[in-house]
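Enquirer: Numbering (the numbering used here), first residue to last: 8 to 523.
First the structure, then my questions, so here it is.
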Amino acid sequence: MKKMMKKLIAMAAALVMIVTLLPAVGVRAEGVTSSRPSVGSITIEKTSQNASIPLKGAQFSIYQLVKFQIDGNNNYVIESKQNGIDDSIAKVGDSIDKIDISAFDTDMANANKDNTTFTPYSVDGETVFTTDAQGEIELQNLPVGIYMVREINAPTGENGVTYQKSIPFFISIPMTDKNGNNLVYDVTATPKNTASGGSKVVDVPTLGTDKTASIGDPVSYTITVVAPAKNSTFKVVDKITGLDYDKDSVQVVIKGINGGKDTTLTEEQLRGKISFTDKNTTDEIQNDERVMTIDLSDFMETDVYVGKTVVITYDAIVAADAAIGTGSNTNEADVFYGNDPQDITGTPKIYTYGVQLTKLGESDAKLKDVEFELYDATGTQITDTEKGANAEGKFVTDKDGILKIKGLAAGKYALKEVKTNNDYTLLTNPIEFEIKVESDINNPTFTITNNGTGVSEVEETVNDDAGNIYFAIEVVNQKGFTLPSTGGMGTYLFTIGGIVIMAGAAFALIAMKKRA
Numbered sequence: 008m009k010k011m012m013k014k015l016i017a018m019a020a021a022l023v024m025i026v027t028l029l030p031a032v033g034v035r036a037e038g039v040t041s042s043r044p045s046v047g048s049i050t051i052e053k054t055s056q057n058a059s060i061p062l063k064g065a066q067f068s069i070y071q072l073v074k075f076q077i078d079g080n081n082n083y084v085i086e087s088k089q090n091g092i093d094d095s096i097a098k099v100g101d102s103i104d105k106i107d108i109s110a111f112d113t114d115m116a117n118a119n120k121d122n123t124t125f126t127p128y129s130v131d132g133e134t135v136f137t138t139d140a141q142g143e144i145e146l147q148n149l150p151v152g153i154y155m156v157r158e159i160n161a162p163t164g165e166n167g168v169t170y171q172k173s174i175p176f177f178i179s180i181p182m183t184d185k186n187g188n189n190l191v192y193d194v195t196a197t198p199k200n201t202a203s204g205g206s207k208v209v210d211v212p213t214l215g216t217d218k219t220a221s222i223g224d225p226v227s228y229t230i231t232v233v234a235p236a237k238n239s240t241f242k243v244v245d246k247i248t249g250l251d252y253d254k255d256s257v258q259v260v261i262k263g264i265n266g267g268k269d270t271t272l273t274e275e276q277l278r279g280k281i282s283f284t285d286k287n288t289t290d291e292i293q294n295d296e297r298v299m300t301i302d303l304s305d306f307m308e309t310d311v312y313v314g315k316t317v318v319i320t321y322d323a324i325v326a327a328d329a330a331i332g333t334g335s336n337t338n339e340a341d342v343f344y345g346n347d348p349q350d351i352t353g354t355p356k357i358y359t360y361g362v363q364l365t366k367l368g369e370s371d372a373k374l375k376d377v378e379f380e381l382y383d384a385t386g387t388q389i390t391d392t393e394k395g396a397n398a399e400g401k402f403v404t405d406k407d408g409i410l411k412i413k414g415l416a417a418g419k420y421a422l423k424e425v426k427t428n429n430d431y432t433l434l435t436n437p438i439e440f441e442i443k444v445e446s447d448i449n450n451p452t453f454t455i456t457n458n459g460t461g462v463s464e465v466e467e468t469v470n471d472d473a474g475n476i477y478f479a480i481e482v483v484n485q486k487g488f489t490l491p492s493t494g495g496m497g498t499y500l501f502t503i504g505g506i507v508i509m510a511g512a513a514f515a516l517i518a519m520k521k522r523a
């Protein structure tokens, strides 16, 4: 009772006067009248912290601290009060609209010192009321007066969530509407399980923004939340696809403690509080998700962290199994924040792209074991096996004359042919192409430079069995020299008569065909 009374002292300023009443917790007007009814109602709507989920099974009691009656002049006057409510009304007689709120602090302090116990209000013999499936309790025909509402038992938690009782608050019947012009007799309150002195709503976090990346590239993420009430559950559960966690990169910073300074939790403080689940290791993990769980509940056993901003940063590496093409690699997080799990809004996506090249010879012969080197815009050779290179860093056509390059970020690249089949000549110029993202990251453009000259846009794509999408290009060689094929980028016309073709000269036209 003493603990409860201490909370009441802190909340006493919420007690309101009839004419100049301040709104109670989450109050809205449901019926307005200018008459002098002798009864009203209180509806309690119990919701999760973000007000999105009604909570069944929360138990409340109400206490009528002051009861009003109507005198001969149609005014409200005090009829009775509970023990301990003395100073706030003794100084002003029967005039309700002049209740001394500052003296109410004294009443609460004296009641606490004297260990005063308030008597709960009874409806049909019941003093404890339970929220239904809609999270509601409706109490009708309550005599006009001032009531304290106290949560006796919090609802049962699910998925490991610890629910905390809301702070007691006061409601007056009647009270003024939000404009202070009319009296409201049917009052609705929406108490939430909140941190005393802390934020009620999780900050919209910054997980990052949509971007493109190559396989093997690190991607940085930030999650920002506010610590909940003391003794609350506080967990962040993060799920990613197509990326691997850099487990050594995780940092947790608590802002505004130790004299207002930001404090980074040490490795020792976080020991046993961060866990990782790799893909496909349990039945609960679907769609190749990797999961990171950060459980900070132990830190909520003291008041030090209550209401403080918590910033979690970490890196993830674009994985070899990342979705290629217009499919995205996602990052989603839930915060088990105080009393209920909440989705963190915003799902940043990482896009990475691929190219499929088909090398054909005379009569559309499929040229196997043709080797290419891949270079980025800086001239640096790309040799990653995760992107499709062999152990020597070369990209080699298979028995169908196909090579695949996967996991490329947007940018400019060049494929240089370094080995071809017998009787065929090497391409004179590298195959230069660009993956460009402009207004829509989900729909990049793919352009290619033909024989070092004209630039054409490629729209042809092919899909593999895993649903990855590759831009498709085709190179056709003729023995001894290279002739262009026709395709979506246009036809190059060559005048053969009267022209001496020098031995070793080669031309290549890169054409595109859509393959299913």
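C-beta: ideal position from N, C-alpha, C; glycine also.
Am I right that Thr452 and Phe440 are in contact with their C-beta atoms under 8 Å? What's the rounded C-beta distance?
Expert: Their Cβ separation, rounded to whole angstroms, is 11 Å, which puts Thr452 and Phe440 out of contact at 8 Å.
Enquirer: Measure the alpha-carbon distance for Val483 versus Leu364 and round it to whole angstroms.
Expert: Approximately 11 Å between the Cα atoms of the pair.
Enquirer: Report the three-state DSSP secondary structure of Lys394 (helix, strand or coil).
Expert: Residue state, collapsed to three classes: helix.
Enquirer: Say whether the region 370 to 385 touches the region 316 to 329, bearing in mind that this needs 3 or more beta-carbon pairs closer than 8 Å, one atom from each stretch.
Expert: Segments in contact, no.
Enquirer: So is Ala196 buried or exposed if we call it buried at 16+ other beta carbons inside 10 Å?
Expert: Burial call: buried.
Enquirer: Which residues mark the beginning and the end of the beta strand (DSSP E) in which Leu434 is found?
Expert: That residue, Leu434, is in no beta strand (DSSP E); it is neither H nor E in DSSP.
Enquirer: Buried or exposed, going by whether 16 or more other CB atoms sit within 10 Å of the CB of Lys268?
Expert: Its Cβ having fewer than 16 others within 10 Å, Lys268 is exposed.
Enquirer: Would you kindly check if the distance between the Cβ of Glu424 and the Cβ of Lys401 is under 7 Å?
Expert: No, they are not a contact pair.
Enquirer: Just verifying my parser: in three-state terms, what is the DSSP assignment at Gln89?
Expert: Coil, per DSSP.
Enquirer: Where do the N-terminal and C-terminal ends of the beta strand (DSSP E) with Gln276 fall, by residue?
Expert: Careful: Gln276 lies outside any beta strand (DSSP E), inside the alpha helix (DSSP H) at 274 to 277.
Enquirer: Glu481 lies in the beta strand (DSSP E); which residues open and close that run?
Expert: Start and end: 476 to 483.
Enquirer: For Glu424, write down the residues that DSSP places opposite it in a beta bridge.
Expert: Answer is Phe379, bridged to Glu424.
Enquirer: Give a yes or no on whether the C-beta atoms belonging to Pro175 and Val191 are separated by under 7 Å.
Expert: Taking 7 Å as the Cβ cut-off, Pro175 and Val191 do not qualify as a contacting pair.
Enquirer: Is the Cβ of Lys411 closer than 7 Å to any Cβ of chain D?
Expert: Considering every chain present, this structure includes no chain D. It has just one protein chain.
Enquirer: Let me confirm a value: Ser87 is counted as buried when at least 16 other C-beta atoms fall within 10 Å, else exposed. Which label applies?
Expert: Result: exposed.
Enquirer: Going by CA-CA distance only, name the one from Glu467, Ile442, Lys373 that's closest to Ser221.
Expert: Closest by alpha carbon: Ile442.
Enquirer: I need the DSSP call for Ser304, collapsed to helix, strand or coil.
Expert: It is helical.
Enquirer: Can you have a look at Thr240 and say buried or exposed, based on whether 16 or more other CB atoms are within 10 angstroms of its CB?
Expert: The residue in question, Thr240, is buried, as its Cβ has 16 or more Cβ neighbours within 10 Å.
Enquirer: Just mark Ser179 as buried or exposed, buried being the case when its beta carbon has 16 or more other beta carbons within 10 Å.
Expert: So Ser179 counts as buried.
Enquirer: Taking 7 Å as the cut-off, decide whether the C-beta atoms of Ile319 and Val259 are in contact.
Expert: Yes; because the gap between Cβ atoms is below 7 Å, this pair is in contact.
Enquirer: Only counting the same chain, and skipping five residues up and downstream in sequence, which positions put a Cβ closer than 8 Å to that of Ala140?
Expert: So the qualifying residues of the chain are Pro61, Lys63.
Enquirer: Is Gln89 buried or exposed, if buried means 16 or more other CB atoms sit within 10 Å of its CB?
Expert: So Gln89 counts as buried.
Enquirer: Contact check, Phe136 vs Gln76 under 8 Å by CB: the rounded distance?
Expert: Between Gln76 and Phe136 the Cβ distance is about 25 Å, and since that is not below 8 Å, they are no contact.
Enquirer: On a CA-only basis, which of Asn148, Thr432, Leu415 is nearest Phe478? Give me that one, please.
Expert: Phe478 has its Cα closest to that of Leu415, out of Asn148, Thr432, Leu415.
Enquirer: Buried or exposed for Ile389, please, with buried defined as at least 16 other CB atoms from any protein chain shown within 10 angstroms of its CB.
Expert: The residue is buried, with at least 16 neighbouring Cβ atoms inside 10 Å.
Enquirer: For Ile230, is the beta carbon positioned less than 6 Å from some heavy atom of the ligand ATP?
Expert: Of ligands this structure carries none, so the ligand ATP is not represented either.
Enquirer: If contacts are defined as beta-carbon pairs under 8 Å, then Leu410 and Gly395 qualify, I think. What distance do you get, rounded to the angstrom?
Expert: Yes, they are in contact, since the Cβ atoms of Leu410 and Gly395 sit about 7 Å apart, within 8 Å.
Enquirer: Between Val362 and Ile412, what straight-line distance do the alpha-carbon atoms span, to the nearest angstrom?
Expert: About 5 Å.
Enquirer: Can you list, in chain order, the residues of its chain with a C-beta nearer than 8 Å to that of Leu548? Leave out the 5 residues immediately preceding and following it.
Expert: In the structure as shown, the chain starts at 8 and stops at 523, and residue 548 therefore has no counterpart that could be examined.
Enquirer: CB-CB under 8 Å to Asn265, same chain, minus the five flanking residues each way: which ones, in chain order?
Expert: Nothing listed; no residue qualifies.
Enquirer: May I have the straight-line CA-CA distance separating Val46 from Tyr70, to the nearest angstrom?
Expert: Answer to the nearest angstrom: the Cα atoms are 15 Å apart.
Enquirer: For Lys242 and Asp302, which I take to be in contact (beta-carbon distance under 8 Å), what is that distance rounded to the nearest angstrom?
Expert: Their Cβ separation, rounded to whole angstroms, is 5 Å, which keeps Lys242 and Asp302 in contact under 8 Å.
Enquirer: So, for Asp430: in the same chain, excluding its five sequence neighbours on each side, which residues have a beta-carbon less than 6 Å away from its beta-carbon?
Expert: Same-chain partners within the cutoff: Lys486.
Enquirer: From Leu277 to Asp245, what does the alpha carbon distance come to, in whole angstroms?
Expert: Near 16 Å, if we compare the C-alpha coordinates of Asp245 and Leu277.
Enquirer: Could you tell me the distance, in whole angstroms, from the CA atom of Leu72 to the CA atom of Pro44?
Expert: If I take the Cα positions, the gap works out to 19 Å.
Enquirer: Is Glu369 helix, strand or coil when you go by DSSP?
Expert: It is helical.
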